[in-house]
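In what follows, a single structure is set out as structure tokens and then discussed.
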Amino acid sequence: MFQALKNFYHKLGSFPWFYKISGKVIPIVGFFSILLIVISSIWGLFFSPTDAVQGDVYRIIYFHVPAVSVSQVIYYSMSVAAAVFLIWRMKMAGVYIKSLAPIGAAFTFIGLLSGAIWGQPTWGTWWVWDARLTSTLVLFLFYLAIIGMQSTFASRKSADTAVSIITLVGVVNLPIVKKSVDWWNTLHQPASISISGESSISSEMLIPLLLSILGVYLFVFFTGLLFMRAEISSREQNKEWFKKLSSNN
Amino acid sequence: MIYLIKILKKEFLIYSRKSSSFISPVVFFLISISLYPIGISNDPDILKNLAPGLIWITVLLSTLISFQNIFSEDYEDGSIELLLASRQNLSLIVLIKIFVNWIFSCLPIIILSVSSVFLLYFPQEGLKPLIISLLIGTPTICLFGALAGALSLGKNSITGPALMLPLSLPVLILGTQAINYSLNGINFSSNILLLTAILVFLLPIILFASVGALKLHFN
Amino acid sequence: MLKTANLSYKFDDKYIFSNLSFEFANDSVFKLVGDNGSGKSTLLKILSGIYKNYEGELSFPDDNLVFYSGHKTGLKNNLSPRENIYFDIRLPEIPHSQINSVLEQLDLIDHADIQSAYLSEGQKRKINIASFMLSTANLYLLDEPFNNLDRKTTDLLQEIFDMKINAGAKIIFSSHDRSSDDFPLIDMNLFN
Chain H
1040 MFQALKNFYH KLGSFPWFYK ISGKVIPIVG FFSILLIVIS SIWGLFFSPT DAVQGDVYRI
1100 IYFHVPAVSV SQVIYYSMSV AAAVFLIWRM KMAGVYIKSL APIGAAFTFI GLLSGAIWGQ
1160 PTWGTWWVWD ARLTSTLVLF LFYLAIIGMQ STFASRKSAD TAVSIITLVG VVNLPIVKKS
1220 VDWWNTLHQP ASISISGESS ISSEMLIPLL LSILGVYLFV FFTGLLFMRA EISSREQNKE
1280 WFKKLSSNN
Chain A
1010 MIYLIKILKK EFLIYSRKSS SFISPVVFFL ISISLYPIGI SNDPDILKNL APGLIWITVL
1070 LSTLISFQNI FSEDYEDGSI ELLLASRQNL SLIVLIKIFV NWIFSCLPII ILSVSSVFLL
1130 YFPQEGLKPL IISLLIGTPT ICLFGALAGA LSLGKNSITG PALMLPLSLP VLILGTQAIN
1190 YSLNGINFSS NILLLTAILV FLLPIILFAS VGALKLHFN
Chain Y
146 MLKTANLSYK FDDKYIFSNL SFEFANDSVF KLVGDNGSGK STLLKILSGI YKNYEGELSF
206 PDDNLVFYSG HKTGLKNNLS PRENIYFDIR LPEIPHSQIN SVLEQLDLID HADIQSAYLS
266 EGQKRKINIA SFMLSTANLY LLDEPFNNLD RKTTDLLQEI FDMKINAGAK IIFSSHDRSS
326 DDFPLIDMNL FN
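This is the structure:
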């Protein structure tokens, strides 16, 4: 069992193996992710019942919740990859962080934007400085810092290490930010707006929501693989295995 | 030990010769503080309420002027190469650099922030929490500045500030809150303790990360 | 003493040089030659401990005191030559009388207490030579020490070389000039 895991880890670190396997997986994942997103969108937008309190506006939940949740998951996965990179110097982890950062940034942005669009009709404001929104904004800034850092170093390895350091510093800092905004909030904003009041969701709304979340996760998997492949091919274009591969095609 | 004292003396000498290192933050601070009444309102009541936040934000922004100073010159003139070649422990040296940078770029502003009493009508009884929170909070910000500076060496990118400001958020929140608490008659010692905890907790982590980041430029 | 075996260095995936082996046996000085980009400066930085990501072996006795001088000399423009020497982190505590005598030898004594920013490039280079003279290291790694020096300083530097060698120190220095001297060469072109 341990041996099998170890083998898998070593394979995962191998660019040719990853390149080969991802080529096979991408079409399948891509197909299912888009299928799920289409189904859940149609279901959510046209067939799920209207909310008693919010009316039809709530339907943006099918974009907002998946985007926000995936943006956080991507960051946490990146920080795991950062630790792997710093400890075991696994090159694939560097590729992972570089490829996933723009995707994470995009979904954080979608989350912020859809939240604002949702917020305007329901609470009458585009933006509230509450703990969740603020920490999402900070998350977005960290993504931008990570993307910006890529070009600061001449050497690929140094850039990957720097980015890993920022990612880890960010993951240590994010809970502190969230907590401190919470404290600050209790002084400035007496809880006039409770965003967590959406827990009483009916199953007819829940199923398309779960489908859309699954769809977005698959979509991130799909685009992540695509970006990683692109990154690998730009890093390894002078390597034997890559030249052989491209001359075969 | 003698080695470290030598570096400390050298840093002090360099900073004291380079007048821009402490004058720029001071000028920036004074300009901003005098712009607020003009740009916002000269109503004492409004300014009094905003003052804690305004002072803290201005201090935070003025560190953006100086954080590049911690390493950039040493990087340009080759001093960092010599430090690496000396095989000494870099973390203590980096700590000294951050400390001297703090003395020259933050300490003058902290002293000057007293001027907000007449410029921003800041109540005198708030001075104690203001000074204490700044004294404990700004070293943490200088630490973040060192990390951002080490990572963005040689490039004048927005990455440094983009990294530094979100990191500094908790310090900003706790600092202004301490002042507001005290002005409202609430005990602010918990905020000061938290600021201290953040400093103590982050000091080794950020120091270690900065040294790592510094070494990345020499691979 | 310093010894390397199959030393290689790569930047990302491109080798700057590879399989470089040499050791100090009977020689006291090595002269590094090679084209631009052949890795002379890189090798000196590896030997001095600045770059650590090399491959191969580099054995380096712990009791060695190394003096490294690169293209960038760590000179602080707002310190005077005297202060630059006194606070040079490569040097031990040095009495001022000794600094004075070295500054005199280098014709810098008249400028000893003005800020180095006001000195000419040649004079700034002499400050680094002063540090070199005062160093008590036993291994010197010098990147193009003879470049852009006037005749007099070149001769002086040559003298210091001899003095250091007689005192038992070892020197590796890089140069564009592959002719002359009787220093054994390390030709970096052979290892690219």
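Heads up: the protein sequence lines correspond to chains H, A and Y, in order. Residue 1288 is where the first sequence ends in my numbering, and the numbering goes up by one at each step. Residue 1228 is where the second sequence ends in my numbering, and the numbering goes up by one at each step. Residue 337 is where the third sequence ends in my numbering, and the numbering goes up by one at each step. Positions of the beta carbon are idealized from the N, C-alpha and C atoms, including for glycine.
DSSP state of residue 299 of chain Y mapped onto helix, strand, coil: Here residue 299 of chain Y sits in helix by DSSP.
Inter-stretch contact at 8 Å, needing at least 3 Cβ pairs: the segment 1180-1200 of chain A / the segment 1176-1193 of chain H: no
Residue 150 of chain Y, DSSP secondary structure in three states: strand
Neighbour list for residue 1222 of chain H in chain A, Cβ cutoff strictly below 8 Å: Near residue 1222 of chain H (Cβ distances below 8 Å), the residues of chain A are 1182, 1183, 1186.
Where residue 200 of chain Y sits in the DSSP three-state scheme: strand
Nearest-angstrom Cα separation, counted from residue 1111 of chain H out to residue 1229 of chain H: Only weak support exists for where residue 1229 of chain H lies, its pLDDT of 43 falling under 50; the coordinates are left without a value.
Proximal chain H residues relative to residue 156 of chain Y, where beta-carbon distance stays under 7 Å: 1194
Through-space distance from residue 1228 of chain A to residue 149 of chain Y, alpha-carbon basis: 19 Å
Residue 1059 of chain H, enclosing alpha helix (DSSP H) - first and last residue: 1054-1081
For residue 164 of chain Y, the three-state DSSP class (helix, strand or coil): strand
Contact with chain Y by residue 1018 of chain A, beta-carbon distance below 8 Å: Look at residue 1018 of chain A: its C-beta is under 8 Å from a C-beta on chain Y.
Interface flag, residue 1197 of chain H vs chain A, CB-CB below 8 Å: Taking Cβ atoms only, chain A reaches closer than 8 Å to residue 1197 of chain H, which makes this a yes.
Whole-angstrom distance between residue 218 of chain Y and residue 328 of chain Y, CA atom to CA atom: 24 Å
Stretch pair the segment 1211-1225 of chain A + the segment 1091-1105 of chain A: three plus CB contacts closer than 8 Å: Yes, since at least three Cβ pairs between the segment 1211-1225 of chain A and the segment 1091-1105 of chain A fall closer than 8 Å, the two stretches touch.
Sheet register partners of residue 1090 of chain H (DSSP bridge): H:1094
Straight-line Cα distance separating residue 1276 of chain H from residue 1286 of chain H: 12 Å
Rounded straight-line distance, which links the Cα of residue 1151 of chain A to that of residue 254 of chain Y: 39 Å
Buried versus exposed, by CB contacts within 10 Å (16 or more), residue 275 of chain Y: buried
Own chain partners of residue 1033 of chain H with C-beta closer than 8 Å, once the 5 adjacent residues on each side are dropped: Residue numbering for chain H in the displayed model covers 1040 to 1288; residue 1033 of chain H lies beyond these limits and cannot be assessed.
N-terminal and C-terminal residue of the alpha helix (DSSP H) that residue 1115 of chain H is part of: 1100-1127
Distance CB(residue 1140 of chain A)-CB(residue 1119 of chain A) smaller than 8 Å: yes
Interface partners of residue 220 of chain Y on chain A, CB under 9 Å: 1086, 1087, 1088
Validate contact between the segment 1047-1067 of chain A and the segment 1116-1134 of chain A using beta carbons, cut 8 Å, 3 pairs: yes
Chain A within 8 Å of residue 1244 of chain H, Cβ atoms only: Not a single CB atom of chain A sits nearer than 8 Å to the CB of residue 1244 of chain H.
Inter-residue Cα distance where the pair is residue 153 of chain Y and residue 1115 of chain A: Distance between the alpha carbons of residue 153 of chain Y and residue 1115 of chain A: 45 Å.
Supposed close pair residue 1264 of chain H, residue 1053 of chain H - CB separation, criterion 8 Å: Cβ atoms of residue 1264 of chain H and residue 1053 of chain H stay farther apart than 8 Å, at about 15 Å.
Closer than 8 Å to chain H by CB, residue 1168 of chain A: Yes, residue 1168 of chain A lies at the interface with chain H (some Cβ there is under 8 Å from its Cβ).
Residue 177 of chain Y - partner residues in DSSP beta bridges: DSSP output for residue 177 of chain Y lists Y:319, Y:331 as bridge partner(s).
Residue 1245 of chain H beta carbon less than 8 Å from that of residue 1075 of chain H: Pairing residue 1075 of chain H with residue 1245 of chain H gives a Cβ-Cβ distance that is not under 8 Å.
Simplified DSSP state of residue 1231 of chain H, which is helix, strand or coil: Residue placement at residue 1231 of chain H is flagged as unreliable, the pLDDT there being 42, under the threshold of 50; the coordinate-derived value follows with that caveat. Correct three-state label for residue 1231 of chain H: coil.
Other residues of its chain near residue 1281 of chain H: CB distance less than 6 Å, five sequence neighbours each side excluded: 1275
Proximal residues of chain Y, C-beta to C-beta of residue 1023 of chain A below 8 Å: Among the residues of chain Y, those whose CB is under 8 Å from the CB of residue 1023 of chain A are 221, 223, 224, following chain order.
Cβ separation of residue 188 of chain Y and residue 162 of chain Y, assumed to be a contact under 8 Å, to the nearest whole Å: 7 Å
Assigned secondary structure, residue 1241 of chain H (DSSP; H/G/I helix, E/B strand, else coil): coil
Whole-number beta carbon distance between residue 1243 of chain H and residue 1066 of chain H, since they are thought to touch under 8 Å: The Cβ separation is near 32 Å, so there is no contact.
Residue 172 of chain Y versus residue 317 of chain Y: straight-line alpha-carbon distance, rounded: 10 Å
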